[in-house]
Structures are given as C-alpha cells and as structure tokens.
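Chemist:
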Amino acid sequence: MSKWLFIGDSITDSGRNQDPERLGSGYVRMIKNELESTVQVVNKGVSGNRITDLEKRWQRDVIEANPSVLSISIGINDVWRQLDHPEMKQVYPDDFKERFEGLLNQTSKLINTKLVLMEPTIIKEDVHSKGNQMLVPYVEIVRRLAINYDAILVPTHTVFLERVKQNDVILTTDGVHMTEAGNKLMANTWLEASTPKLLR
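So in the working numbering, the last spot in the sequence shown is 1259, and the numbers never skip.
1) Just how far apart, CA to CA, sit Leu1113 and Val1150?
2) Quick one: what does DSSP say Leu1163 is sitting in, helix, strand or coil?
3) Less than 9 Å separating the beta-carbons of Val1128 and Leu1212?
4) Glu1178: buried (16+ other C-beta within 10 angstroms of its C-beta) or exposed?
5) For a minimum of 4 consecutive residues, which ranges assigned as the alpha helix (DSSP H) are wholly contained in the segment 1204-1249?
6) Would Val1186 and Gly1134 qualify as a contact pair, given that the criterion is a beta-carbon distance under 9 Å?
7) Counting only beta-carbon atoms, is Asp1137 nearer than 9 Å to chain B?
8) His1144: buried (16+ other C-beta within 10 angstroms of its C-beta) or exposed?
9) Return the bridge partner residues of Gly1104 from the DSSP annotation.
10) Going along the chain, which residues of its own chain have a beta-carbon closer than 8 Å to the beta-carbon of Met1060, five neighbours each way excluded?
11) Flag Ile1181 as yes when its Cβ comes closer than 8 Å to any non-hydrogen atom of the ligand ZN, and as no otherwise.
12) DSSP has Val1087 in a bridge; who is on the other side?
13) Looking at C-alpha atoms only, which residue of Ile1206, Trp1063, Ser1069 and Leu1064 is the closest neighbour of His1236?
14) Could you tell me whether the Cβ atoms of Val1138 and Gly1190 are closer together than 9 Å?
15) Do you know whose CA, among Lys1103, Thr1180 and Met1193, lies nearest Ile1122's CA?
This is the structure we're talking about:
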C-alpha cells in the first residue's frame, strides 16, 4: 500500500494524538477522506515545531518510514516565534533555507519518495499584517526549493491571501490555527495541486 506521510507543526498535527487513527481533525484528515482506500495516510505533525525540530526527528519519522509521498508544511512557527517569543533563538530566512535543504538532501536518498512542499499559510487574516510580511521570504524559499528538488508546490500562502481579501469566511481561530473552513481550504488546495500528479 502506498504510504503518504504528512509532517509539520500544529496545523498538521490538529489533535492527532487524541484520534484513534492518529490523523487528527484537520486538513490531513480531510485529504485522507478524499483519497483512494489503497493509500495509507500518516500524520507526523507536532505542535510548535519549527524547521529545527523537524531536523531532530527526520531520521525516525521520515527516513525510516520511507514514504511514497512526503508532504512538508513548515515555517509558520519559524516566523511566529519572532513575534511572540523574541527572547528565543530564532530561525531567520538564511538558516531556514539551509536547514530545509539539509532535510531535502537527506530525503533525496529515498529514491521512490515524491516530495510535496506546502507554502506556509498566514499569520493573521490581514494581508498586510507584520506576520504575513515577515513570511514572504520563507514562502519564497519554499517555492525555490520546490523547483530545485522537483517537488510539487502547494500554493497555500497564495490561496489564503486571496481568500482573506474576499473576507467572506473565517479561516483561523487565532490568526494561525485553522477553523474547519481553513482546513478545508488547505485540503482542497493540496488535492488540486498534488493528486493529478500523484495518482496518474
């Protein structure tokens, strides 16, 4: 059975440890519900994770799992911690890029693993928020890495900003964590970008 592994932060986690199937209630669950039963979906999101946290568990959670598809959603906390915990050691764009490249280089040894990179979503439902302005270089890094590593790019940041402009639905509970509508937008964006290439 084809194994599709999703890794990231709390947006991916979405309460997976309280779920008997360990999928959570977020976009990963919604994607699973739309996929063929022959696909095994694994959720490896961990609340609070930054790229530095992914490094610590990459061997165990990704390399040893050897998935057919690896979807990575990271970057929100790398920016958010600069806003809500400035006293912490921060992950600035150059460091983010270097560490992300290191993880992708490790993953390139898994010759049958297809990569899916998700743009970081949003910080506040305001196109001009400080968080969204600070996200821009991180989003650009993800876009460039998708090209350099022949990965599918899921344009979640782009789609969310467009939806925020419409101001017709509440996407987050606190500017970051998803409402059902936010999770649905993430899932639909992922499916539209990825499944035509992964299920052909």
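In this text, a Cβ means the ideal position worked out from N, Cα and C, and glycines have one as well. Only a predicted model underlies this, so the values are computations on that prediction, with no experimental measurement involved.
Modeler: Quick look at the numbers:
1) So the alpha carbons of these two residues sit roughly 13 Å apart.
2) Here Leu1163 sits in helix by DSSP.
3) No, they are not a contact pair.
4) So Glu1178 counts as buried.
5) Those alpha helix (DSSP H) runs which fall completely within the segment 1204-1249 and span 4+ residues are 1215-1225.
6) For Val1186 and Gly1134, no; Cβs fall outside 9 Å.
7) Structure shown: chain B not included; a single protein chain is present.
8) With a 10 Å radius around the Cβ and a threshold of 16 neighbouring Cβ atoms, His1144 comes out exposed.
9) Paired residues: Gly1067.
10) Excluding residues within five positions, the ones whose Cβ falls inside 8 Å are Thr1097, Val1098 and Gln1099.
11) Ligands displayed in this structure: none; no statement on the ligand ZN is therefore possible.
12) Looking at the DSSP output, Val1087 bridges to nothing.
13) Of the listed residues, the one whose Cα sits closest to His1236 is Ser1069.
14) It is a contact, given that the beta carbons lie within the stated cut-off.
15) The shortest C-alpha separation from Ile1122 is found at Lys1103.
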